[in-house]
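Below is one structure; the comments refer to it alone.
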């Protein structure tokens, strides 16, 4: 299982997702360009020393990332109709999340194997990126019995 962030814009979110990956033993893929300098202190401040305990792969484009996948690419998006709680995850899945301001473009979404949503109240738009990643990864790891011992 892996987490992927498509062109993330907020360093703090990337840091929080890196910390999540470190705690759960899940690698992180980052698709560039990012909306901040990678050496930005905010990433390290948010990820703290956890950054040393997570595998991070940076990709210059979606196409280069797509060529590295061994399993399904599962997009989490507010535009999906299927709930992540009604989906059967596999241990080889990569969960991809779009940029904070716009998600992923249609051409990226169309190449994903599945598209899922996190059910929320109609009065609100979405969760924070890191919160979405934690909820989705938690359910995926629960189903695949992939939690760290």
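Residue numbers (the UniProt record's numbering): 1 to 149. No residue lacks a Cβ here, since even glycine has one placed at the ideal position from N, Cα and C.
Nearest residue (CA-CA) to residue 32, options 149, 76, 62: In the chain shown, residue 32 corresponds to position 32, counting from 1. Checked all of 149, 76, 62; the closest Cα to residue 32 is 62.
Along the chain, where does the beta strand (DSSP E) containing residue 97 start, and where does it finish? As a first step, residue 97 must be located in the chain shown, where it is residue number 97. Segment 94-97, the beta strand (DSSP E) holding residue 97.
Going by alpha carbons, who is nearest to residue 135 out of 124, 103, 83? As a position in the chain shown, residue 135 is number 135, starting the count at 1. Residue 83 is the option with its Cα nearest to residue 135.
Run of the beta strand (DSSP E) containing residue 25, from where it starts to where it stops: As a first step, residue 25 is located in the chain shown; it is residue number 25 there, counting from the start. Here residue 25 belongs to no beta strand (DSSP E), and DSSP marks it neither H nor E.
Per DSSP, cross-strand counterpart(s) of residue 126: Sequence index remark: in the chain shown, residue 126 carries index 126 (1-based). Per DSSP, none; premise fails for residue 126.
To the nearest angstrom, how far is it from the Cα of residue 121 to the Cα of residue 101? As a working mapping, residue 121 is identified with position 121 in the chain shown. As a working mapping, residue 101 is identified with position 101 in the chain shown. Using only the alpha carbons, I get a separation of about 20 Å.
Cβ shell of residue 113 (< 7 Å), same chain only, five flanking positions each side left out: In the chain shown, residue 113 corresponds to position 113, counting from 1. Residues 72, 73, 74 of the same chain have their beta carbon placed closer than 7 Å to that of residue 113, with the five preceding and five following residues left out of the count.
Close-in-space but distant-in-sequence residues of the same chain around residue 92 (CB under 8 Å, 5 per side omitted): Here residue 92 corresponds to residue number 92 of the chain shown, with the count starting at 1. Within the same chain, residue 92 has close Cβ partners 1, 70, 71, 72.
State the start and end residues of the unbroken alpha helix (DSSP H) segment that holds residue 121. As a first step, residue 121 is located in the chain shown; it is residue number 121 there, counting from the start. From DSSP, residue 121 is part of no alpha helix (DSSP H); its letter is neither H nor E.
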